[in-house]
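Q:
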Amino acid sequence: MSQAVYPVRAGFAAGARITRAQYEQSYIASVAQPDAFWGRVAERIDWFRPPTQVKDVSYQLDDFHIRWYADGELNASVNCLDRHLATRGDKTALVFERDDPTQPAQHVSYRDLHARVCRLANALRALGVAKGDVVTIYLPMIPEAAVAMLACARIGAVHSVVFGGFAPHSIADRVHDCRSKLIITADEGLRGGKKVPLKANVDAALKLPGTNSVETVLVVRHTHAAVDMQMPRDRWYDAVVHDQPATCEPERMNAEDPLFILYTSGSTGKPKGVLHTTGGYLVWAAYTHESVFDLREDDIFWCTADVGWVTGHSYIVYGPLANGATSLVFEGVPNYPTVSRFWEVIDRHRVTIFYTAPTAIRALMREGEAPVQKTSRASLRLLGTVGEPINPEAWRWYYEVVGDSRCPVVDTWWQTETGGILISPLPGATDLKPGSATLPFFGVQPALVDANGVLLEGEAEGNLVLLDSWPGQMRTVYGDHQRFIDTYFKTYPGMYFTGDGCRRDADGYYWITGRVDDVINVSGHRIGTAEVESALVSHPKVAEAAVVGFPHDIKGQGIYAYVTLIAGERESEELRRELIVHVRNEIGPIAAPDHLQWAPGLPKTRSGKIMRRILRKIAENAPEQLGDTSTLADPSVVESLVQQRRVP
Ligand code: 6R9
Numbered sequence: 001m002s003q004a005v006y007p008v009r010a011g012f013a014a015g016a017r018i019t020r021a022q023y024e025q026s027y028i029a030s031v032a033q034p035d036a037f038w039g040r041v042a043e044r045i046d047w048f049r050p051p052t053q054v055k056d057v058s059y060q061l062d063d064f065h066i067r068w069y070a071d072g073e074l075n076a077s078v079n080c081l082d083r084h085l086a087t088r089g090d091k092t093a094l095v096f097e098r099d100d101p102t103q104p105a106q107h108v109s110y111r112d113l114h115a116r117v118c119r120l121a122n123a124l125r126a127l128g129v130a131k132g133d134v135v136t137i138y139l140p141m142i143p144e145a146a147v148a149m150l151a152c153a154r155i156g157a158v159h160s161v162v163f164g165g166f167a168p169h170s171i172a173d174r175v176h177d178c179r180s181k182l183i184i185t186a187d188e189g190l191r192g193g194k195k196v197p198l199k200a201n202v203d204a205a206l207k208l209p210g211t212n213s214v215e216t217v218l219v220v221r222h223t224h225a226a227v228d229m230q231m232p233r234d235r236w237y238d239a240v241v242h243d244q245p246a247t248c249e250p251e252r253m254n255a256e257d258p259l260f261i262l263y264t265s266g267s268t269g270k271p272k273g274v275l276h277t278t279g280g281y282l283v284w285a286a287y288t289h290e291s292v293f294d295l296r297e298d299d300i301f302w303c304t305a306d307v308g309w310v311t312g313h314s315y316i317v318y319g320p321l322a323n324g325a326t327s328l329v330f331e332g333v334p335n336y337p338t339v340s341r342f343w344e345v346i347d348r349h350r351v352t353i354f355y356t357a358p359t360a361i362r363a364l365m366r367e368g369e370a371p372v373q374k375t376s377r378a379s380l381r382l383l384g385t386v387g388e389p390i391n392p393e394a395w396r397w398y399y400e401v402v403g404d405s406r407c408p409v410v411d412t413w414w415q416t417e418t419g420g421i422l423i424s425p426l427p428g429a430t431d432l433k434p435g436s437a438t439l440p441f442f443g444v445q446p447a448l449v450d451a452n453g454v455l456l457e458g459e460a461e462g463n464l465v466l467l468d469s470w471p472g473q474m475r476t477v478y479g480d481h482q483r484f485i486d487t488y489f490k491t492y493p494g495m496y497f498t499g500d501g502c503r504r505d506a507d508g509y510y511w512i513t514g515r516v517d518d519v520i521n522v523s524g525h526r527i528g529t530a531e532v533e534s535a536l537v538s539h540p541k542v543a544e545a546a547v548v549g550f551p552h553d554i555k556g557q558g559i560y561a562y563v564t565l566i567a568g569e570r571e572s573e574e575l576r577r578e579l580i581v582h583v584r585n586e587i588g589p590i591a592a593p594d595h596l597q598w599a600p601g602l603p604k605t606r607s608g609k610i611m612r613r614i615l616r617k618i619a620e621n622a623p624e625q626l627g628d629t630s631t632l633a634d635p636s637v638v639e640s641l642v643q644q645r646r647v648p
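Count the sequence shown with my numbering and you get residues 1 to 648, in order.
(1) Bridge partners for Y355 per DSSP, in chain order?
(2) Can you tell me which of A543, P600, L61, Y492 puts its alpha carbon nearest to the alpha carbon of D634?
(3) For a test of your reading of the model: does the CB of P425 fall under 6 Å from any non-hydrogen atom of the ligand 6R9? Yes or no.
(4) Whose C-beta lies closer than 8 Å to the C-beta of G501 among residues of the same chain, with five residues either side of it excluded?
(5) Of the residues D347, E97, D306, which one's Cα is nearest the Cα of V162?
(6) Tell me the start and end of each unbroken beta strand (DSSP E) in the stretch 100 to 170 that is at least 3 residues and wholly inside, in chain order.
(7) Rounding to the nearest angstrom, what Cα-Cα distance links K131 and A123 in this structure?
(8) Would you give the residue range spanned by the beta strand (DSSP E) that V548 belongs to?
(9) Starting from the Cα of V519, find the closest Cα among E388, S180, L602 and give me that residue.
(10) Just how far apart, CA to CA, sit Q643 and K617?
(11) Pick out every residue whose C-beta is nearer than 7 Å to a heavy atom of the ligand 6R9: which are they, in chain order?
(12) Just the C-alpha distance for D203 and A535, rounded to the nearest angstrom, thanks.
(13) So does the stretch 439 to 458 actually touch the stretch 398 to 406, counting three or more Cβ pairs closer than 8 Å?
(14) Among P51, S213, H289, whose alpha-carbon lies nearest the alpha-carbon of V129?
(15) Reducing DSSP to helix, strand and coil, say where I18 ends up.
(16) How is H224 classed by DSSP in three states: helix, strand or coil?
(17) Grab me the residues of V5's own chain with a C-beta within less than 8 Å of its C-beta, minus the 5 sequence neighbours each way, in chain order.
(18) Note down the Cα distance separating A325 from I590, rounded to an integer number of angstroms.
(19) In whole angstroms, what is the alpha-carbon distance linking G280 and A546?
(20) Taking the straight line between their C-alpha atoms, what separation do you get for L422 and A226?
(21) Does the Cβ-Cβ distance between G528 and G266 come in under 7 Å?
(22) Please confirm if the stretch 96 to 104 is in contact with the stretch 318 to 337, defined as three or more CB-CB distances below 8 Å between the two stretches.
(23) Alpha carbon to alpha carbon, how far is T247 from Y237?
(24) Between the C-alpha atoms of R233 and H242, what's the straight-line distance to the nearest angstrom?
(25) If we ignore side chains and look at the alpha-carbon of each, how far apart do I142 and L218 end up?
(26) Which runs of the alpha helix (DSSP H) fall wholly inside the stretch 259 to 321 and span at least 4 residues, in chain order?
(27) Which of the three DSSP states is assigned to S379 in this structure?
(28) Check whether the stretch 36 to 56 touches the stretch 66 to 84, counting contact only when three or more Cβ pairs, one atom from each stretch, lie closer than 8 Å.
(29) Buried or exposed: L426, going by 16 or more other Cβ atoms within 10 Å of its Cβ?
(30) Any contact between the stretch 368 to 385 and the stretch 577 to 596? By contact I mean 3 or more CB pairs, one from each, below 8 Å.
(31) Is the CB-CB distance between T412 and V386 below 7 Å?
(32) State the DSSP-derived secondary structure class of A4, mapped to helix, strand or coil.
(33) Among A255, G368, S424, S58, which has the Cα closest to the Cα of E290?
(34) Can you tell me the Cα-Cα spacing of Y655 and D187, whole angstroms?
(35) What residue range does the alpha helix (DSSP H) around I45 cover?
(36) Give the range of the alpha helix (DSSP H) segment to which F330 is assigned.
Following this line, the structure appears as structure tokens:
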């Protein structure tokens, strides 16, 4: 691992919001006196009723609860819109850069955004959506995605954004789980010149069982493609917002009222509905956004994530808008029409802070320096990464080639569950080491434990846990509080278990090594092995399947599937392709296996448990590290799998 150090740049330290001395002092205060610290930070939010209580948390299983600011009342959309109108009404809230670069960009001011949100909020109320109802949002990366989220927040509806790359089955599962009442979608999405049939996917999803909670589907006209409109269920978005007033009384929300549900993959079963509440989440998103990105009034902030992921929630919508910043919404992809697109967009809009994923950096690094160097990027002052570990080589390329060795790189570690950034450098305070997420943010207490839950001191490698709560922490798994407790608080009692492995070096810097559970991180997207397996076995010719991750140059991890066919079915290239397409159709393209190996048998213990450790080693092509296979019911199975391994 690289131990090169990039000290804080003198220019940055001088004008930084948080200097090293301030970080060190405030970190100690944030942990020692959380009530005083987080009470003060909460003053950055506009409250209808300021909280008198701050932290109220117990991780003890017999008295488990997580509450922050419990008697406070606020509205997230008011914080993202109304309170900026007096001072920033004409400031651009959203810059919309379309997929097609020959189309003009759109600038949505805070005043416009407020009006658009209020119109939709009124329309939703008119359609019968009330506080506490769940609205599913299945939209491309267009301003309406942010409008829809904020309109829900305005009336106290809970949004559940479903990534536009998910297939009908995945939409249906998510709609069913939260009994969503209304879906907001578009005729089609557009990515890299290719059309995504969003409305048709919703139609297909709503034909699946368990989706009859949906009363209304609002359709944004985006590409103007002809789509089936099933009246009275389907309504054009334009038509329903058209006559609505441009102001809307916001709902008074308790700090602990739900703001949104976002489904994420875990090691077992179906994706869980991670639930975030209003007060703590908003404080966290806003405060981390300002601190980690050292935000200035005139910054143009671009986070390339999709709003379908938590990064888009916290750092395209809630964090930037709560801070009155300008946030860029990009509809397209990094390699369309050319691999210079990111850098051209940076020049076009004079982006100052750029936040993207290691997988994109690695893919663009492959194209060489020329596509970067033909652009200026002079506006950039800070770079960030998120989603997966960044290898030092990609970090250096990002720093040297993209940032011209001028811009600090903040490698931000966090999760859907954490609501916002937890471990990251602060550009004016933290010396950087390529590949390390460095040090904890205020109030965050990371620790490493061994397999038995024993805390490890000093330089060590183990499982990453968090010893105490922070305001942005998820509060429950929607509809299954026990699963929340079991998943995160049972493995190591009294601690939150992240599911990540991690190393701490002699300077106390954290180096995330990746997931230690059955979650695969493909291009920064979490895929549960159980989900891919269940998609595979839903095919009539498949008897059994086991899925593991393997190292992949661009994606970080790829998906490797072992499949056993029903007796009598023949293995063929055609069937292999058919199964990959099947997973694509069931879950979505991001879950399609990179490799699929026929497995006449799977390595199992005598009690019938699949030994994934062994399958991982075979996929990694490290058969010499198979370890102890003596507990296998039939050790010869392994030998034949090793011999028939697919070469990734
Ligand atoms: C924000 C987000 C969470 C998982 C997490 C970890 C990995 C995220 C990382 C990182 C190393 C970083 N991860 N950021 N690993 N360094 N800077 O990505 O949320 O989709 O829930 O994924 O991603 O494994 O546990 P989510």
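Where is the CB? At the ideal position from N, CA and C, for every residue including glycine.
A: This is what the structure holds:
(1) Start at 1 with the first residue of the sequence shown, and residue 355 comes out as number 355. DSSP lists C303, G384 as partners of Y355.
(2) By 1-based counting over the sequence shown, the position of residue 634 is 634. Ranking the options by Cα distance to D634, first place goes to P600.
(3) Within the sequence shown, residue 425 is the residue found at index 425, counting from 1. No; taking the cut-off as 6 Å, the Cβ of P425 has no heavy atom of the ligand 6R9 nearer than that.
(4) Along the sequence shown, read from residue 1 onward, the residue named residue 501 stands at position 501. A distance below 8 Å between beta-carbons, with the five flanking residues on each side excluded, links G501 to the following residues of its chain, in chain order: E461, G462, N463, L464, I512, T513, G514, R515, V516.
(5) By 1-based counting over the sequence shown, the position of residue 162 is 162. Checked all of D347, E97, D306; the closest Cα to V162 is D306.
(6) 106 to 109, 134 to 138, 158 to 161
(7) Within the sequence shown, residue 131 is the residue found at index 131, counting from 1. Within the sequence shown, residue 123 is the residue found at index 123, counting from 1. Cα-Cα distance, rounded: 14 Å.
(8) Walking along the sequence shown from the start, residue 548 turns up at place 548. Run containing V548: 542 to 552, per the beta strand (DSSP E) assignment.
(9) For the purposes of this step, residue 519 is taken as residue 519 along the sequence shown, with counting starting at 1. Scanning E388, S180, L602 for the CA closest to the CA of V519 turns up E388.
(10) Taking the sequence shown and counting its residues from 1, the one referred to as residue 643 is at position 643. Taking the sequence shown and counting its residues from 1, the one referred to as residue 617 is at position 617. Those two C-alpha atoms are separated by around 13 Å.
(11) T264, W309, V310, T311, T385, V386, G387, E388, P389, I390, D411, T412, W413, W414, Q415, T416, E417, A437, T498, G499, D500, I512, G514, R515, N521, G524, H525, R526
(12) For the purposes of this step, residue 203 is taken as the residue at position 203 of the sequence shown. For the purposes of this step, residue 535 is taken as the residue at position 535 of the sequence shown. Rounded to whole angstroms, D203 to A535 spans 20 Å at the Cα level.
(13) no
(14) Start at 1 with the first residue of the sequence shown, and residue 129 comes out as number 129. Checking every option, the nearest Cα to that of V129 belongs to S213.
(15) For the purposes of this step, residue 18 is taken as residue 18 along the sequence shown, with counting starting at 1. Here I18 sits in coil by DSSP.
(16) Here the question's residue 224 lines up with position 224 in the sequence shown. In this structure, H224 counts as coil in the three-state DSSP scheme.
(17) On the sequence shown, position 5 is the one that residue 5 refers to. Here the set comprises D431, L432, K433.
(18) The residue you call residue 325 lines up with position 325 of the sequence shown. The residue you call residue 590 lines up with position 590 of the sequence shown. If you take the alpha carbons of A325 and I590, they lie about 31 Å apart.
(19) In the sequence shown, the residue the question calls residue 280 occupies position 280. In the sequence shown, the residue the question calls residue 546 occupies position 546. The alpha-carbon atoms of G280 and A546 are separated by roughly 39 Å.
(20) Numbered from its first residue, the sequence shown carries residue 422 at position 422. Numbered from its first residue, the sequence shown carries residue 226 at position 226. If you take the alpha carbons of L422 and A226, they lie about 45 Å apart.
(21) Reading the sequence shown from its first residue, position 528 is the one you call residue 528. Reading the sequence shown from its first residue, position 266 is the one you call residue 266. A contact, by the Cβ cut-off of 7 Å.
(22) yes
(23) By one-based count along the sequence shown, residue 247 stands at place 247. By one-based count along the sequence shown, residue 237 stands at place 237. Going from the Cα of T247 to the Cα of Y237 covers about 18 Å.
(24) On the sequence shown, residue 233 is found 233 positions in, with the first residue counted as 1. On the sequence shown, residue 242 is found 242 positions in, with the first residue counted as 1. Going from the Cα of R233 to the Cα of H242 covers about 18 Å.
(25) In the sequence shown, residue 142 corresponds to position 142, counting from 1. In the sequence shown, residue 218 corresponds to position 218, counting from 1. Cα to Cα, the separation comes out at about 15 Å.
(26) 278 to 292
(27) If you number the sequence shown from 1, residue 379 lands on position 379. Residue state, collapsed to three classes: coil.
(28) yes
(29) For the purposes of this step, residue 426 is taken as residue 426 along the sequence shown, with counting starting at 1. That one is buried.
(30) no
(31) As a first step, residue 412 must be located in the sequence shown, where it is residue number 412. As a first step, residue 386 must be located in the sequence shown, where it is residue number 386. Contact: yes.
(32) By one-based count along the sequence shown, residue 4 stands at place 4. Coil, per DSSP.
(33) As a first step, residue 290 must be located in the sequence shown, where it is residue number 290. Taking only the C-alpha atoms, the option nearest E290 is S424.
(34) Absent from the model: residue 655. The displayed extent of the chain is 1 to 648, so no value can be given.
(35) In the sequence shown, counting from the first residue as 1, residue 45 sits at position 45. No alpha helix (DSSP H) holds I45; DSSP gives it neither H nor E.
(36) Numbered from 1 along the sequence shown, position 330 holds the residue referred to as residue 330. From DSSP, F330 is part of no alpha helix (DSSP H) but of the beta strand (DSSP E) over 326 to 330.
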